[in-house]
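In our numbering, the protein residues as written are 84 to 887.
For each residue, glycine too, the CB sits at the ideal point set by N, CA and C.
Here is the structure we will look at, set down as structure tokens.
Rendered as structure tokens:
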């Protein structure tokens with residue numbers, strides 16, 4: 084080992100990254116001079132028999148991408164210095180491994196006639212070969228041409244992972260994907276050095292794993308009688324019988340396939356909530372076996388008779404009853420699940436468990452009393468701890484979503500923090516291991532474009548925000564930070580019906596996350612990542628992967644004008660030289676801009692933006708507004724509707740900060756002139772307050788005649804979003820003068836709009852003269868019994884305050 088390191092230091096002394104496009108970026112690269120030429124005559128040697136499979140996988144990749152195979156041979160370690168022919172030598176030094184070493188460290192030495200990949204662990208050799216594949220020229224995925232030769236620069240790379248847990252998740256309960264695609268998904272993870280696949284196998288909408296003792300779990304629970312259409316709460320039901328499941332043999336096949344790529348598969352079996360599919364199969368798991376499933380308020384959410392596999396999305400109150408029958412049932416299930424997965428972890432869910440059934444159940448209330456539990460949250464802790472004790476007795480540990488903190492954390496549990504970082508911080512301070520996966524940065528089912536081109540769950544998570552994530556919170560000291568095992572990207576599939584859209588949602592955001600989890604923090608650099616992106620996209624193109632191109636959309640920023648007389652719009656391209664046509668479509672007023680737009684908007688209208696790129700003669704002439712566009716490729720089009728009023732662009736302050744998950748553009752969101760017309764799908768255009776009130780004060784700049792105040796808000800109870808319980812509007816004519824207050828309970832306020840997007844407009848009258856206006860919207864409070872999210876704080880969403 085020392086001899087190889089010495090050679091590395093002598094041959095590769097110039098430290099630079101040149102123009103390599105490796106993702107995730109390696110810890111250290113030293114460039115040499117010259118190249119290694121890879122062709123079919125190069126021999127691939129391995130020095131330990133247990134790494135032959137790694138070489139075979141690499142060879143298969145060469146065959147797929149470049150059309151040729153290398154000869155693969157065993158070579159004793161002591162004979163590696165005597166090899167004369169051009170070669171690639173895969174060398175394992177297992178005896179040098181330290182107990183605290185994160186598996187995956189490797190070194191690559193590329194010289195004129197040889198490539199050496201060296202590691203103390205098999206994982207390291209595998210990751211080194213993934214890097215070598217990225218050093219090769221772009222693949223053509225065509226049959227071999229005569230004397231195919233591939234050029235690799237001479238260099239040395241020393242690389243290692245930052246985090247031990249580098250995960251990606253896939254929900255197969257909402258929508259089901261065949262084994263062939265699950266393997267492809269695992270290949271995607273392996274290529275970017277992820278080491279954990281979190282397989283979400285059970286939920287309200289489907290049970291996807293065969294349990295031989297309970298065949299109805301898949302026969303009944305594996306299928307639903309239809310699925311809502313459109314975004315929740317939906318517009319109808321497709322009435323298509325839908326489902327599927329994996330046999331235990333298929334599970335073994337996937338787990339083995341992943342293991343060969345050094346990926347651990349962690350199964351998730353949801354409990355005690357998200358249990359509708361299991362209860363539909365075995366109703367006695369419910370607190371109320373004879374009650375029909377509550378499918379929601381819409382007529383298309385499913386039948387009202389008997390227990391049902393859910394056909395809609397959301398959170399449902401029919402959860403597992405904490406009876407001995409249920410615990411015996413779940414132990415039987417786990418007895419079949421655990422042998423299928425060598426992972427030390429079993430994920431037991433624990434999230435979004437409504438307590439309404441437990442509150443109504445005489446059995447549950449007696450159980451709380453008998454065990455001296457504080458309340459239903461204590462009962463959930465009791466449930467999780469019983470399951471954990473059983474899983475621990477089988478030599479495994481549990482992972483649970485951060486709700487398992489409620490009522491007391493199970494002794495050996497690892498927490499997966501998704502509702503922000505707070506749960507992870509609390510768990511780490513209690514000396515529990517943590518996997519960070521906050522929705523703000525890691526939920527890649529969220530929209531990646533503000534110009535949504537397909538239905539998603541909503542939200543907005545662009546590529547750069549994923550890349551900006553730092554898994555170790557600043558609130559932790561060095562000892563506590565050791566409990567942060569890593570992070571994970573989550574893909575929930577309510578609106579992802581096929582594998583093509585899975586690809587679209589994970590790429591390229593998964594690649595950005597790979598660098599967050601693998602590369603040293605100090606090596607992460609957004610401008611350099613952007614430089615490497617074109618090469619990444621070209622590889623994805625060659626592989627025919629359906630990735631999102633949202634990154635190339637121009638950046639559109641709306642800010643307050645310096646004099647509060649309107650708003651500024653900034654538009655900048657990420658594609659270098661381009662042309663923009665921009666203007667007020669309502670008045671057919673357009674102008675040509677080069678590379679960027681910077682303009683003042685001080686009148687209402689629909690403003691259009693069209694970005695044009697390289698000359699493309701095949702595109703016919705097109706009329707846009709009153710301008711003819713000829714022979715340019717249309718790279719991007721967008722329209723923004725501005726509705727101006729006396730508050731637009733004015734100074735505004737908030738007494739209560741919005742949630743980190745729905746921060747919008749801060750207080751300015753309420754006066755930026757852009758009204759949300761698409762509901763939760765444009766969640767980034769709202770300010771969201773969880774359990775808190777909206778308290779905003781607008782300075783109109785001078786005494787102003789006003790007649791009406793309008794608040795734009797959202798009403799979507801199924802997503803825990805409620806109208807405010809009361810609105811108060813205070814008017815201050817002059818500074819330090821008497822406040823005139825108008826207020827009304829929500830029932831008496833005019834509700835002008837209630838459409839399929841659940842947008843509501845609330846109006847209040849106003850006096851004639853004032854300068855300062857305070858709008859106070861009181862949060863609904865705690866969600867009532869019988870509603871989704873019952874017992875949790877309601878959300879209050881607002882996106883615009885109009886003053887007329």
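- With 16 other CB atoms within 10 Å as the buried threshold, where does residue 257 fall? Buried is the call here.
- Taking residue 321 as part of the alpha helix (DSSP H), name the residues at either end of that continuous run. Per DSSP, residue 321 belongs to no alpha helix (DSSP H) and is neither H nor E.
- Query: Using the C-alpha atoms, what's the distance from residue 564 back to residue 880?
  - Reply: Cα to Cα, the separation comes out at about 34 Å.
- 6 Å Cβ shell around residue 680 - same chain, five flanking residues per side excluded: Counting only Cβ-Cβ distances below 6 Å, and skipping sequence neighbours, we find 654, 663, 665.
- Task: Can you check DSSP and say which residues form a bridge with residue 347?
- Result: Answer is 279.
- Below 7 Å between beta carbons: does that hold for residue 267 and residue 122? It is not a contact, given that the beta carbons lie outside the stated cut-off.
- Query: Out of 670, 294, 638, which has the shortest C-alpha to C-alpha gap to residue 658?
  - Reply: For the residues 670, 294, 638, the minimum Cα distance to residue 658 belongs to 638.
- Cβ distance (whole Å) where residue 860 is taken to contact residue 753 below 8 Å: Residue 860 to residue 753, Cβ: 11 Å. No contact.
- Task: Sort out for me which residues DSSP pairs residue 667 with in a bridge.
- Result: In the DSSP output, where bridge partners are listed per residue, residue 667 has 672, 690.
- Message: Please classify residue 884 as buried or exposed, where buried requires at least 16 neighbouring CB atoms within 10 angstroms.
- Response: Buried is the call here.
- Item | Bounding residues of the alpha helix (DSSP H) (the contiguous stretch that carries residue 441) | Unbroken alpha helix (DSSP H) run through residue 441: 439 to 443.
- Message: Which same chain residues end up closer than 6 Å to residue 375 when comparing Cβ atoms and leaving out the 5 residues on each side of it in sequence?
- Response: Excluding residues up to 5 positions away in sequence, 387, 388, 389 lie with their Cβ nearer than 6 Å to the Cβ of residue 375 in the same chain.
- Message: Would residue 874 and residue 276 qualify as a contact pair, given that the criterion is a beta-carbon distance under 7 Å?
- Response: Their beta carbons are not under 7 Å apart, which means residue 874 does not touch residue 276 by this criterion.
- Task: Scan the region 369 to 454 and note each continuous beta strand (DSSP E) run of 3 residues or more that stays entirely inside, going in chain order.
- Result: Taking 3 residues as the shortest admissible run, the region 369 to 454 contains the following complete beta strand (DSSP E) segments, listed from N- to C-terminal end: 428 to 432.
- Query: Looking only at its own chain, which residues have a Cβ that is under 6 Å from the Cβ of residue 742, when we skip the five neighbours before and after it?
  - Reply: Counting only Cβ-Cβ distances below 6 Å, and skipping sequence neighbours, we find 771, 773.
- What whole-angstrom Cβ distance do residue 519 and residue 500 have, given they're in contact under 8 Å? Between residue 519 and residue 500 the beta-carbon gap is near 5 Å, inside 8 Å, which marks them as a contact.
- Query: Helix or strand or just coil, what does DSSP make of residue 627?
  - Reply: Of the three classes helix, strand and coil, the one that applies to residue 627 here is coil, per DSSP.
- Item | Through-space distance from residue 317 to residue 871, alpha-carbon basis | Rounded to the nearest angstrom, the two C-alpha atoms are 16 Å apart.
- Nearest to residue 323 by alpha carbon, out of 395, 601, 278? Proximity to residue 323 across 395, 601, 278 peaks at 395, based on C-alpha coordinates.
- Is it buried or exposed for residue 674, if we count other Cβ within 10 angstroms and need 16 for buried? With fewer than 16 Cβ atoms within 10 Å of its Cβ, residue 674 is classed as exposed.
- Task: Run the CB neighbour count on residue 614, radius 10 Å, all protein chains shown included, and call it buried at 16 or more, exposed below.
- Result: Under the 10 Å beta carbon count, residue 614 is surrounded by fewer than 16 other beta carbons and is classified as exposed.
- Message: Is the separation between the beta-carbon of residue 667 and that of residue 649 shorter than 7 Å?
- Response: No, the pair does not count as a contact, with Cβ atoms beyond the cut-off.
- Item | Neighbourhood of residue 822 by C-beta distance below 6 Å, restricted to the same chain and skipping five residues each side | Because residue 822 sits at a pLDDT of 48, beneath the cut-off of 50, its placement in the model cannot be relied upon, and the following sentence gives the value as read from the coordinates. Within the same chain, 813, 815 come within 6 Å of residue 822 by CB-CB distance, once the 5 residues on both sides are set aside.
- Query: What's the C-alpha gap between residue 152 and residue 274?
  - Reply: Residue 152 and residue 274: Cα-Cα distance of roughly 19 Å.
- I think residue 801 touches residue 379, with their Cβ atoms under 8 Å apart; what is that distance to the nearest whole Å? Right, their Cβ atoms sit about 7 Å apart.
- Query: Between the C-alpha atoms of residue 186 and residue 204, what's the straight-line distance to the nearest angstrom?
  - Reply: Rounded to the nearest angstrom, the two C-alpha atoms are 6 Å apart.
- Going straight from the alpha carbon of residue 546 to that of residue 137, what length do you get? Answer to the nearest angstrom: the Cα atoms are 31 Å apart.
- Query: Taking the DSSP output, what are the residues bridged to residue 249?
  - Reply: For residue 249, DSSP records a beta bridge to 570.
- Query: Under the criterion of a Cβ to heavy atom distance below 6 Å, does residue 121 qualify as lining the ligand NAP?
  - Reply: By its list of ligands, the structure shown contains no ligand whatsoever, and the ligand NAP lies outside what it can speak to.
- Task: Specify, as a first and last residue, the run of the alpha helix (DSSP H) that residue 301 falls within.
- Result: The continuous alpha helix (DSSP H) containing residue 301 extends over residues 299 to 302.
- Task: With a 10 Å radius around its C-beta and 16 neighbouring C-beta atoms as the bar for buried, classify residue 759 as buried or exposed.
- Result: Answer is buried; the Cβ neighbour count reaches 16.
- Item | Touch test, the region 282 to 289 against the region 603 to 614, Cβ-Cβ under 8 Å, three pairs minimum | As far as the Cβ criterion goes, the region 282 to 289 does not touch the region 603 to 614, which means the pair count is below three.
- Could you tell me how far apart the beta carbons of residue 869 and residue 877 are, in whole angstroms, since I believe they sit closer than 8 Å? Between residue 869 and residue 877 a beta carbon distance of about 14 Å is seen, past the 8 Å cut, so the two are scored as non-contacting.
- Message: Along the chain, where does the beta strand (DSSP E) containing residue 681 start, and where does it finish?
- Response: Start and end: 679 to 684.
- So residue 146 is in the beta strand (DSSP E); what residue range does that whole segment cover? Premise fails: residue 146 lies in the alpha helix (DSSP H), 135 to 149, not in any beta strand (DSSP E).
- Message: Pairs of beta-carbons, one from the region 464 to 483 and one from the region 536 to 554, closer than 8 Å: are there three or more?
- Response: Fewer than three beta-carbon pairs drawn from the region 464 to 483 and the region 536 to 554 are found closer than 8 Å, and the two stretches are therefore not classed as touching.
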